[in-house]
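Quick notes on the structure that follows.
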Amino acid sequence: MAEKLRETPLLDELEKGPWPSFVTEIKKSAVKNSMANDQLGILERSYKDRIGHWKHGGLVGVMGYGGGVIGRYSDLPEEYPECAEFHTIRVNQPAGWFYTSDVLRKLCNVWEKHGSGLTNMHGSTGDIIFLGAKTEALEPVFADLIDMGFDLGGSGSDVRTPSCCCGQARCEWACYDTMGFTYNLTQHFQDELHRPAFPYKFKFKMAGCANDCVASVARSDMSIIGTWREDIKVDQGEIAEYAKTVNIADDVADRCPTGCISWDGKTFDIDNANCVKCMHCINVMPKALAPGDEKGATILLGAKAPIIGGALLASVLVPFVEMGEENYEDIYELAEEIWDVWGEHGMNRERVGEFIQRVGMGNFLEQVGLDPEPEMIMHPRTNPYIFFELDEEED
Amino acid sequence: MAEKLRETPLLDELEKGPWPSFVTEIKKSAVKNSMANDQLGILERSYKDRIGHWKHGGLVGVMGYGGGVIGRYSDLPEEYPECAEFHTIRVNQPAGWFYTSDVLRKLCNVWEKHGSGLTNMHGSTGDIIFLGAKTEALEPVFADLIDMGFDLGGSGSDVRTPSCCCGQARCEWACYDTMGFTYNLTQHFQDELHRPAFPYKFKFKMAGCANDCVASVARSDMSIIGTWREDIKVDQGEIAEYAKTVNIADDVADRCPTGCISWDGKTFDIDNANCVKCMHCINVMPKALAPGDEKGATILLGAKAPIIGGALLASVLVPFVEMGEENYEDIYELAEEIWDVWGEHGMNRERVGEFIQRVGMGNFLEQVGLDPEPEMIMHPRTNPYIFFELDEEED
Amino acid sequence: MAEKAKRKTDIGPPNHEQFLPPVIKKNYGKWKHHEIPQPGVLVHTAHSGDKLYSVRAASARLMSIETIRLFADIADEFCGGHLRFTSRNNVEFLLDNEANVKPIIEKLSSEGYPVGGTGASITNIVHTQGWVHCHSAATDASGVVKSIMDDLFPYFDGTTKLPAKLRIAFACCLNMCGAVHCSDIAILGVHRRAPHIKHEQVNAQCEIPSTVSACPTGAIRPTTVDGVDSVEVIEERCMFCANCYTVCPAMTLNDPVNDGLSIWVGGKVSNARHEPMFSKLAIPFIPNNPPRWPETVEAVRNIVEIYAANARNYERVGEWIERIGWPQFFKLTGIEFTKYHIDDFKHAGETFKRSMHFRQSQ
Amino acid sequence: MAEKAKRKTDIGPPNHEQFLPPVIKKNYGKWKHHEIPQPGVLVHTAHSGDKLYSVRAASARLMSIETIRLFADIADEFCGGHLRFTSRNNVEFLLDNEANVKPIIEKLSSEGYPVGGTGASITNIVHTQGWVHCHSAATDASGVVKSIMDDLFPYFDGTTKLPAKLRIAFACCLNMCGAVHCSDIAILGVHRRAPHIKHEQVNAQCEIPSTVSACPTGAIRPTTVDGVDSVEVIEERCMFCANCYTVCPAMTLNDPVNDGLSIWVGGKVSNARHEPMFSKLAIPFIPNNPPRWPETVEAVRNIVEIYAANARNYERVGEWIERIGWPQFFKLTGIEFTKYHIDDFKHAGETFKRSMHFRQSQ
Ligand code: SRM
Ligand code: SRM
Ligand code: SRM
Ligand code: SRM
Ligand code: SF4
Ligand code: SF4
Ligand code: SF4
Ligand code: SF4
Ligand code: SF4
Ligand code: SF4
Ligand code: SF4
Ligand code: SF4
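Residue numbers (this note's numbering), protein chains in the order written: chain A, 15 to 409; chain B, 15 to 409; chain C, 970 to 1331; chain D, 970 to 1331.
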C-alpha cells in the first residue's frame, strides 16, 4: 500500500551529503508502511520542537519472557496514530553478526509482515533491533522468529544479549573462539537472559585479543579478552621487510608500554617476561609478529556507563583462564557464583561493578571463592583503613 | 643532683649499634634530671607491657595563647611521679633550622632550668620540641623564651609553625628566598598562629624548587614551591665533562618525564616548551645545568595525612607567582581569602583539602576569586555530572 | 497451526556456523595475517594460503528492510550471499574472489553505501536512539551522527590520513547507551534543567521512596503538593543526570531550550600501547541546532584537525593529549577552560594536579 | 623583675639571618653548584668562588640538652659555632675551611654521631613520638627507628651503594605525624581492635554526637549502658582508624597483643622524573616485638636489598615498582599478597587493574 510521505523539510536536509542517510532509510519504508511514515512525521516534529516525543516506556512483552521488548508510546497519538505504539523488539543476533542473504531476507519478511520495516543493524548491545511494533504484533513476531530459529535478546535486570568480535572467523589474532564461546554461553544462560531476576542488567562481551574490538572492557559486566603466555612469535625475515617501510625504532619499539623491545636495525628482540600483551607491535607488523602459544583469556569484571555512581572500566578478576570447550563450564560456574553473591547482597539497580566497590573487592573475592592476586590491582591500597580480621588465637 | 638511673634491661638493648641511641640521650639527661629518669622508667615499662602509658591530652597552655603546648599525663602517676605531667612545648624554630652554638646553649639553659632536659630537634612540623614539662613550668619557660627572642609554635586549629628548606642560604637551585619568606610569613600571621580559630590546622611549607626537600607537597595545606619560566641554563662545556662519567643518554635524557631532552653524544638540547621543570636533569648534572630565569613559585593547596577522608597530596592552586618581597602581601591576601571561605563553610576538623573536595574546586575558586586554569588539573572530568548554571536569558 | 502445540521458547540465537562462508569455515582459527590494500578492504590470508576479502561499507545503522534486501542482493551477486555487520554497525561483504572487489565497491558506492573505515581512519559512529525512539534523549542521535560523518567523510574513505584510528561515539543522554565514556571523541546529549515534576502523577506512577533514593546527590525530598504526596527537587543540588526520570516518569527533564550537547575527548578501549582510558570533558555545552547541528560538527572537526596535525603515528587522541598536556590541548584547540571542566564528583581529588609537572614556559 | 611589665607575646621566631655563617651571608642566593666529595659532606661553590662545606651527622632526633651542648662545642671548635638541622633531623656543621672537614668527621664519629646520609643513600628516618610521648601510639617510634637504622647503617655511611635516594618514614598511628604517606618505605603503627569503650566516662568526657560523627565508616551509634548515655561500636564496621579516640578519650584502641606495624612502599614527594606518589601497602601487619623489632627490621632490609639489586640508576622505589609491576614486586620480595592489599576505601575502584597490561608469562 503506497503511502503519501509526510512533509519533512528539516529532515530532508539530512538526505544530503555522502554518508548514508537514516532519513532516506525511514522514507524507504515510509513509502510502503504507515507506521514508518508516522515515525517520519513525528521525528520531523521533534526536529521542529527540539524535543523528543516519546513517553517513558510501558510494560509490554511476549508471554513467558520478562525482557526482549522495550515499550514505547508517543505523546502525540492523535497526530501520528500509526506510531502511537512503537515498541522495539530485541532479536538476538548470531555471534559475530554473520548472515547469509537468505536468512536476512527471512528476517525482513517477518518484519515487513508485522512491523514498521525499520531496524537498527544493530543495537549497541548487539541485538538486531526491530524498530516500531504495535503491542498486538509482539506475539506474532515472536512466533515467526522462533519458527525461523531466532529468539529474543535481553532487557531489564537480566543477562543481556552477549556479543563478541569476529574472532577466529576472520582474525589472525583471536586467542580463543569468541564466537563459539558466545554461542555456547548464550544458549547456556537462556533462562537468565529471558527472565529478569538480578539486581540489574548483566552484560557479557567477548574479545579475541587485547585490541578489544567489541569494547568489552568499557561496556560489559563480564569481559572476556583473549591473551597468551608464551613468547610472541617473531619472523625476523618479515621484520627485515617491514624495516623498509616502517620506522621500527620510533613506531614500534618506542611505543611499547614497557619498553621491552630492542631493535638495533637488524634484530628485533622482545623481553617477553616484561611484555604486557598490549598487541601494539603485533598490530603494526602483522606479518612478522604473532601472539604466542598457551593461549587463553583474562576475565574482567564490572564495566558500565555512569548511572549512577560514575562510569566504570572492567577490572581483572581472573588473570588467565584456558578457553577450550572443556573450560566453558568453569566460567559459567564462576558467573553463577557471582550472581549468587550479587543477587543476595546487591541493591536494586546496582551493577556488579558498583556492588564490588561497595562491599570491597577482598570480601567479594572471598565470597565467590577466588584468591586475591596482585594482577587484579594497579597498585595496593594507599590508605591505612584496613578491616583486619583477627584469628581466634589473637583475639 | 645525681639520679640513680632506672633499671632498663629492655631499653639497654637499644644502646647497641652504630646509630645514635635515643636511650643514651634520655640517660644523658636522666642522670641529672628526675623527670627524664622517670620518663626512662615509664618507657621501659611500655617496652615490657607493649603499650603506651600516656593518657589522652589535657588542656594546658600559656596565657593568651591557644596553642603551642601539648598536654600529656601518664596513667602511672604513682610509679613514675616525676613524669606524671609531661607536656611538650613547641618552640618556633628559626627558618631553615640555622643556629649558632650560642643560641643553642641559651635554649639548653632554659630547658635545663625548667624541664626534663629532653628535646626533639625537631618535631615533624618543624618546631623545636621541649619534651616533658610540668604544668607549673609552662609560664616560666615561655617567659624565658620570649626574653631570648623565641616564641611558641602552633598547635590546635591554627596556622601551624611554617617551615622551609634551606633554600638560598645554601642551595644553588632555590628559585626564591624560602627562608626570608618563611620568616616574613610567620611574623605576619602571629595572631593566626597563636589563637586557634580555624575549622582545623593549616600548615605552610616552603621549598625552593621541585625537589621539595621539605616534603611540602605531602605535608602542608599550602605548599609554595620554587620554579622558573625561561630556558634551563646549559653549559655545554660542563656537559662534555659529565659525558665522561655519566651515561647522559640513559640516566638523563631517557629519564626526562616528557622526553624533551635530545642528546647525540655531543650537544645537549632541551625543548624547553615541553620541560615540566621536574629538576631531574639539573640534579644529575648540577655544574652543567641550572634553573632558568624568570623565577618564582607555584602555590599548591590541600595536602594532609589520612585522617579522616584519606591522605591528600597538595594540588596546583596558582601555577606561577613571582616571589619578590613586594609579592608577599598578595600571597597573604590569598591565604586570608581562603581562610575566610573555609572558615565560614568548613566543617569542624575538615582540612582545607577535604573542604575543597566537598564544595568542588570550581566553586572554591570562584569564592576565593581565582580563574580556573587547566594547570590545576591532571585531566578534565570524566563523569557527566555537571552542575550547569544557566544564564538568566537561558532560563 | 490450529493445533495447540507446546510453545517453543528459549531456543537462543541461531548457530553462526551455518552463516559462515566456505573460506571461513575452512580456515576458522587458522588465519595468518592481514593487509589493507585500500581503504575499506581487508585481505586476510590463512595458513592454507586461502584469502578472504572483506569489503566494509558505511551504514546509517537505522536501516529499512529495503536496504537489507539490497545488501542481500549485492551479497548474492558478488560473494555467494555472505556478509556481516561490525561492532560499529558497518556492513562487511565477505569475498573469496579478488576479482569481485572492485565491482562490489562500485556497486555499493553507486547505491549510496561508500566503503572505508579501515586502518587509521574515522569509522562509523557508535550511537543510540535519540528522538527516533527514546523518551530520555536530550538531542537526536542519528541526525548529529549523519551531520558529523558527512563532514568527516574524507577521514572515512581514506582521502585524508590520520595518525591512528579515531573512534567517535554518540549518546543522547547520560545513560550513555552509546558507551561514549571511552571514545577518542564523544558527543553526549545533556539536560540542564532540573526535573519538571508532574505532581499529580508522582504518587500514581512512581514509588516515592525509590524516586528519592534514585538521586545520587540527594536533591530529591518527599513533600506534599496541594494535598497529594509528591517530591520536590532542591535545584542547586541537581546535576541533571535524569536517574529520577528513569525510575519515575513524572519527573521529566527534556527541555526544548536548554538541552544540548557536550563534547568529550581522549578515551579509548583497546590495550594497544596505552591502557584503556575514559573520555574527558572538552566542551561542556553546545545548543541543539537541528537539522544539522553546525556548531557541534564544527567543534568535532576542529578537534580532529588539530589532532591530525599534531599527533605522532599510532598515537590515539588520548595518548596525544597526555603527551602534550591538557593546557596545551586547550590552547591549540582554542576551547575555553571553565569550572565545569574541573571534576567535582566523588573521585574529584584524584584528578587535581598533584605535582609540579606542567609546562611553565609562556 | 618585680615590676609589672606588659607581657610580651607574638614576637615570632628569631630572624634566621643572625645565625647564618659569614660565608652564607655573603653568598646568599648566589650559589653556583655543589658536589658530594664523600658521604656526609656537601661542598657548595658560590659564583664568588667561595666554598661552603656541610658535614651531615646522624642524630636520634630525641636529644638531650647535653648533646646539643656537645654539638655547640664541636661547632665552636671547627666552624665558628655554625650549625643547622635538616628537614630529616640530621645535624649539619657548616664549615668554610676545608681543612676542618676530616677532623670534625672524626670528632663526630668518636662521639657516636657518624656522618652520612647524602646522595643516593638512606638518611635519617622521619618519625614521631611513639611510647615516648603519645597517647595514640600503636608502637614505639624511636625504638623501631633505631633498630632499623642500626641495621641499614651501611646505606647511611656510604659503605653500600643504592640506585637513588631512599627515604624511610615512621608513624606510630594512623594520624601519620611522620607523614609516611609519601615515602619510599614507610613503617606505620596500626591498631587492630575496635575501641574499648569506658562507658562511665563517655558522657562525662566527650560529646556523644561528635563522637558518633567522628567515625568515617559510621560504626559508632549512641546507646545507653546501665542507664548512662554512651556509644557502641559495630565491630565489623571498624577499621581501627582511632579517629573516635582523638575526639573522645574514653574510646581507647591501644592493645598490647594486637597492635603492631605495617609496611608501605613506593611513595615519594620530589618531582624529579616522576610526580609525587603515595606509599602503598606492602605488609599489612607485623607484631610488636620490642626492644628491637627483629621481624620489622628484617622486612625493611629485605625490601631495601631487593630494590638495590634490581632498580636502575636514579630510580626511586616507587618508580622501580611501577616499571616492573606489582606482581613482580611481590614475587621478588616474597611478600604475601592478601585481600588487605586491595583497597576498599572510597577511591578503591580507581586502584583496580582496568586493563590487560600485566605480565602473563610464567
Ligand atoms: C537500544 C539501545 C541503544 C541503541 O540505540 O542501540 C539502548 C536503549 C536504551 N537503554 Fe541502554 N541501550 C542500549 C545499549 C546500552 C549500552 C551499550 C552496550 O550494551 O554495550 C549501555 C552502556 C553499557 C552499560 O550497560 O553500562 C547502556 C546503558 C544504559 C543505561 C545505564 C546503565 C548504567 O548502569 O549506567 C540505562 C539506564 C537504565 O538501565 O535504567 C539504559 C537504558 C536504556 C533504555 C531502556 C531507556 C530507559 O531509561 O529505560 C533505552 C531504550 C531506548 C529505546 O527506547 O529504544 N541504557 N545501554 C541499546 C540496546 C540495543 C541492543 O539490545 O542491542
Ligand atoms: C570488524 C571489527 C570487529 C568486529 O567483530 O566487528 C574490527 C576488526 C579489526 N580490528 Fe578492530 N575491529 C572493530 C572494532 C574495534 C574496536 C571497537 C570500537 O571501536 O568500538 C576497537 C577499540 C577501539 C578503541 O580503542 O577505542 C578496535 C581496536 C583495534 C585495534 C587497536 C587500535 C589502537 O591502536 O588502539 C586494532 C589494531 C590495529 O588496527 O592496528 C584493531 C585491528 C583490527 C583488525 C586489523 C583485526 C584483524 O586482524 O582482522 C580488523 C580490521 C581493522 C580495521 O578496520 O582496520 N582493532 N577495533 C570492528 C570494526 C568496526 C568498524 O566497523 O569500524
Ligand atoms: C609532635 C608531632 C610528632 C613528632 O614527633 O614530631 C606530632 C604529634 C601529634 N600529632 Fe601530629 N604531630 C606532628 C606533626 C604532624 C605532621 C607532619 C607535619 O606537620 O609535617 C602530620 C601530617 C601532616 C598533616 O598535617 O596532615 C601530623 C598529622 C596529625 C594528625 C592528622 C591530621 C589529618 O588531617 O589527617 C593528627 C590528628 C589530629 O589533628 O587530631 C595529629 C595529632 C597529633 C597529636 C597532637 C595527637 C592527638 O591526637 O592529639 C600528637 C601529640 C603527640 C605528643 O604527645 O607529643 N597529627 N602531625 C609533630 C609536631 C611537632 C612540631 O610541631 O614540629
Ligand atoms: C638538607 C636538606 C634540606 C634542608 O633544608 O634540610 C636537603 C638538601 C639537599 N637536597 Fe634534598 N634535602 C633534604 C631533604 C629532602 C627531601 C625531604 C624528605 O626526604 O623528607 C626530599 C624529598 C624526598 C622524596 O622525594 O621523598 C629531597 C629530595 C631531593 C632530591 C630529589 C631526589 C629524587 O631523585 O627524587 C634532590 C636531587 C638530588 O639529590 O639529586 C635533592 C638535592 C638536595 C641537595 C643536593 C640540594 C643542594 O644543591 O644543596 C642538598 C643535598 C642533598 C643530599 O643530601 O645529597 N633533594 N631532599 C634535607 C636533608 C635531609 C637529610 O637530613 O637527609
Ligand atoms: S579483538 Fe582481537 S581477535 Fe577480536 S577482531 Fe579485534 S583484533 Fe581480532
Ligand atoms: S605486545 Fe605490547 S608490551 Fe608486548 S612487546 Fe609488543 S608492544 Fe611491547
Ligand atoms: S627544595 Fe630545592 S632549593 Fe630547597 S634545598 Fe632542596 S634542592 Fe635546594
Ligand atoms: S627539568 Fe625535568 S622535564 Fe625539564 S628537561 Fe630536565 S629532566 Fe626534562
Ligand atoms: S542514551 Fe539515553 S536517550 Fe539515548 S537511547 Fe540510551 S537511554 Fe535513550
Ligand atoms: S536529575 Fe539526577 S541529580 Fe537531578 S534530581 Fe534527578 S536524580 Fe537528582
Ligand atoms: S603518629 Fe599518632 S601516635 Fe605517633 S605522634 Fe602522631 S598522633 Fe601520636
Ligand atoms: S576506630 Fe575509627 S572506624 Fe573504628 S569506631 Fe573509631 S572512628 Fe570508627
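Each residue gets a CB set at the ideal place from its N, CA and C atoms; glycine is no exception. Since the structure is predicted, the reported quantities are computational estimates derived from the model, not experimental observations.
Next on the checklist: Would you say the beta carbon of D:Cys1141 is closer than 8 Å to some non-hydrogen atom of ligand 11?
Outcome noted: The residue you call residue 1141 of chain D lines up with position 172 of the fourth sequence. Under cutoff, so the answer is yes.
Checklist entry - Among residues of its own chain, excluding the 5 on either side of D:His1150, which ones have a beta-carbon nearer than 7 Å to its beta-carbon? => result Counting from 1 along the fourth sequence, the entry for residue 1150 of chain D is found at position 181. Sequence-distant partners of D:His1150 (beyond 5 residues in either direction) whose C-beta falls short of 7 Å from its own C-beta, in its chain, are Gly1236, Phe1247 and Ser1248.
Checklist entry - First and last residue of the alpha helix (DSSP H) that includes A:Gln250? => result The sequence position of residue 250 of chain A within the first sequence is 236, counting from 1. For A:Gln250, the uninterrupted alpha helix (DSSP H) run begins and ends at Gln250 to Ala257, by DSSP.
Checklist entry - Under the three-state reduction of DSSP, which class applies to A:Cys178: helix, strand or coil? => result Counted from its first residue, the first sequence places residue 178 of chain A at position 164. Note: A:Cys178 maps to strand in three-state DSSP.
Checklist entry - What is the C-beta distance between B:Leu132 and B:Ile40, in whole angstroms, given that I count them as a contact (C-beta under 8 Å)? => result Position 118 of the second sequence, counting from 1, holds the residue named residue 132 of chain B. Position 26 of the second sequence, counting from 1, holds the residue named residue 40 of chain B. Taking a contact as a CB-CB distance under 8 Å, the pair B:Leu132 and B:Ile40 counts as one, their CB atoms being some 6 Å apart.
Checklist entry - At a CB-CB cut-off below 9 Å, which residues of chain C make contact with B:Phe216? => result As a position in the second sequence, residue 216 of chain B is number 202, starting the count at 1. Contact note: B:Phe216 does not reach chain C at a C-beta cutoff of 9 Å; the least C-beta distance is about 18 Å.
Item to check | Cβ of A:Thr272 within 9 Å of any chain B Cβ | outcome: Position 258 of the first sequence, counting from 1, holds the residue named residue 272 of chain A. For A:Thr272, the answer is no, since every Cβ of chain B falls outside 9 Å of its Cβ.
Next on the checklist: On the DSSP letters alone, give me the boundaries of the alpha helix (DSSP H) that B:Tyr197 sits inside.
Outcome noted: The residue labelled residue 197 of chain B in the question sits at position 183 within the second sequence. Boundaries of the alpha helix (DSSP H) harbouring B:Tyr197: Thr192 to His202, taken from the DSSP string.
Checklist entry - A:Thr102 versus chain B: which residues are under 8 Å apart at the beta carbon? => result Along the first sequence, one-based indexing puts residue 102 of chain A at 88. For A:Thr102, there are no neighbours in chain B by C-beta distance under 8 Å, as the nearest C-beta there is about 25 Å away.
Item to check | Residue from A:Pro108, A:Val117 and A:Glu99 whose Cα sits closest to the Cα of C:Ile1034 | outcome: As a working mapping, residue 1034 of chain C is identified with position 65 in the third sequence. For C:Ile1034, the closest of A:Pro108, A:Val117 and A:Glu99 by C-alpha to C-alpha distance is A:Val117.
Next on the checklist: Counting beta carbon pairs with one atom in the segment 95-102 of chain B and one in the segment 995-1012 of chain D, are three or more of them shorter than 8 Å?
Outcome noted: Touching, no, given that fewer than three Cβ pairs across the two stretches are closer than 8 Å.
Item to check | Any non-hydrogen atom of ligand 9 closer than 8 Å to C:Asn1227 Cβ | outcome: Taking the first residue of the third sequence as position 1, residue 1227 of chain C is located at position 258. Not so, every heavy atom of ligand 9 lies at least 8 Å from the Cβ.
Next on the checklist: Quick check: the Cα distance between D:Ala1044 and D:Phe1062, rounded to an integer number of angstroms?
Outcome noted: To locate residue 1044 of chain D, count along the fourth sequence from 1; it is residue 75. To locate residue 1062 of chain D, count along the fourth sequence from 1; it is residue 93. Each residue's Cα considered, the two are about 7 Å apart.
Item to check | Buried versus exposed, by CB contacts within 10 Å (16 or more), A:Met162 | outcome: By one-based count along the first sequence, residue 162 of chain A stands at place 148. A:Met162 comes out exposed.
Item to check | Proximity test, Cβ basis, 9 Å: C:Met1145 and chain D | outcome: Counted from its first residue, the third sequence places residue 1145 of chain C at position 176. It does not; no Cβ of chain D falls within 9 Å.
Next on the checklist: Counting beta carbon pairs with one atom in the segment 106-126 of chain B and one in the segment 185-202 of chain B, are three or more of them shorter than 8 Å?
Outcome noted: Two segments are said to touch when three or more pairs of C-beta atoms, one from each, lie closer than 8 Å; by this definition the segment 185-202 of chain B touches the segment 106-126 of chain B.
Next on the checklist: Just to check my reading of the structure: D:Glu1288 and D:Arg1242 have Cβ atoms closer than 8 Å, yes? What is that Cβ distance to the nearest angstrom?
Outcome noted: For the purposes of this step, residue 1288 of chain D is identified with residue 319 of the fourth sequence, where counting begins at 1. For the purposes of this step, residue 1242 of chain D is identified with residue 273 of the fourth sequence, where counting begins at 1. Between D:Arg1242 and D:Glu1288 the Cβ distance is about 7 Å, and since that is below 8 Å, they are a contact.
Next on the checklist: Quick check: the Cα distance between C:Ser1199 and C:His1168, rounded to an integer number of angstroms?
Outcome noted: Position 230 of the third sequence, counted from the start, is the residue given in the question as residue 1199 of chain C. Position 199 of the third sequence, counted from the start, is the residue given in the question as residue 1168 of chain C. The alpha-carbon atoms of C:Ser1199 and C:His1168 are separated by roughly 6 Å.
Checklist entry - Going along the chain, which residues of its own chain have a beta-carbon closer than 7 Å to the beta-carbon of A:Gly376, five neighbours each way excluded? => result The count along the first sequence starts at 1 and reaches residue 376 of chain A at position 362. Cβ within range, chain order: Pro386.
Next on the checklist: Suppose the cutoff is 8 Å on Cβ atoms and the five residues either side in sequence are ignored; what does the same chain contact list for B:Thr200 look like?
Outcome noted: Locating residue 200 of chain B in the second sequence gives position 186, counting from the first residue. Contacts found: Asn106, Ala109, Thr175, Pro176 and Leu207.
Checklist entry - Checking contacts by CB at 9 Å: is B:Pro394 closer than that to chain D? => result For the purposes of this step, residue 394 of chain B is taken as the residue at position 380 of the second sequence. For B:Pro394, the answer is no, since every Cβ of chain D falls outside 9 Å of its Cβ.
Next on the checklist: Quick check on the burial criterion: 16 or more other C-beta atoms within 10 angstroms. Buried or exposed for C:Ala1163?
Outcome noted: For this step, residue 1163 of chain C is matched to residue 194 along the third sequence. Here C:Ala1163 is buried. Its C-beta has 16 or more other C-beta atoms within 10 Å.
Checklist entry - Mind checking if D:His1051 is an interface residue toward chain A, Cβ cutoff 9 Å exclusive? => result Counted from its first residue, the fourth sequence places residue 1051 of chain D at position 82. D:His1051 does not count as touching chain A.
Next on the checklist: Does A:His359 come out as helix, strand or coil in the three-state DSSP assignment?
Outcome noted: Numbered from 1 along the first sequence, position 345 holds the residue referred to as residue 359 of chain A. A:His359: helix per DSSP, three-state reduction.
Next on the checklist: Looking at A:Ala311: is its Cβ nearer than 9 Å to the Cβ of A:Cys189?
Outcome noted: Taking the first residue of the first sequence as position 1, residue 311 of chain A is located at position 297. Taking the first residue of the first sequence as position 1, residue 189 of chain A is located at position 175. Against a cut-off of 9 Å, the Cβ pair of A:Cys189 and A:Ala311 comes out as a contact.
Checklist entry - For B:Trp68, which of D:Ser1239, D:Ile1154, D:Cys1103 and D:Ala1107 has the nearest alpha-carbon? => result Taking the first residue of the second sequence as position 1, residue 68 of chain B is located at position 54. Ranking D:Ser1239, D:Ile1154, D:Cys1103 and D:Ala1107 by CA distance to the CA of B:Trp68 puts D:Cys1103 first.
Checklist entry - Do you know how far the Cα of A:Pro34 is from the Cα of C:Asp1119? => result The count along the third sequence starts at 1 and reaches residue 1119 of chain C at position 150. The count along the first sequence starts at 1 and reaches residue 34 of chain A at position 20. If I take the Cα positions, the gap works out to 9 Å.
Item to check | Closer than 9 Å at the beta carbon, the chain A residues around D:Val1159 | outcome: Translated into positions along the fourth sequence, residue 1159 of chain D becomes position 190. Contact note: D:Val1159 reaches chain A through Pro398, Ile400 and Phe402, using a C-beta cutoff of 9 Å and chain order.
Next on the checklist: Is any non-hydrogen atom of ligand 6 found closer than 8 Å to the C-beta of C:His1002, if you look at the structure I gave you?
Outcome noted: Mapped onto the third sequence, residue 1002 of chain C falls at position 33. Not under cutoff, so the answer is no.
Checklist entry - Is the beta carbon of A:Ala325 within less than 8 Å of some heavy atom of ligand 10? => result What you label residue 325 of chain A is simply residue 311 of the first sequence in a count that begins at 1. Not under cutoff, so the answer is no.
Next on the checklist: Nearer than 8 Å: is that true of the beta carbon of D:Ser1017 relative to any heavy atom of ligand 11?
Outcome noted: Indexing the fourth sequence from 1 puts residue 1017 of chain D at position 48. Not so, every heavy atom of ligand 11 lies at least 8 Å from the Cβ.
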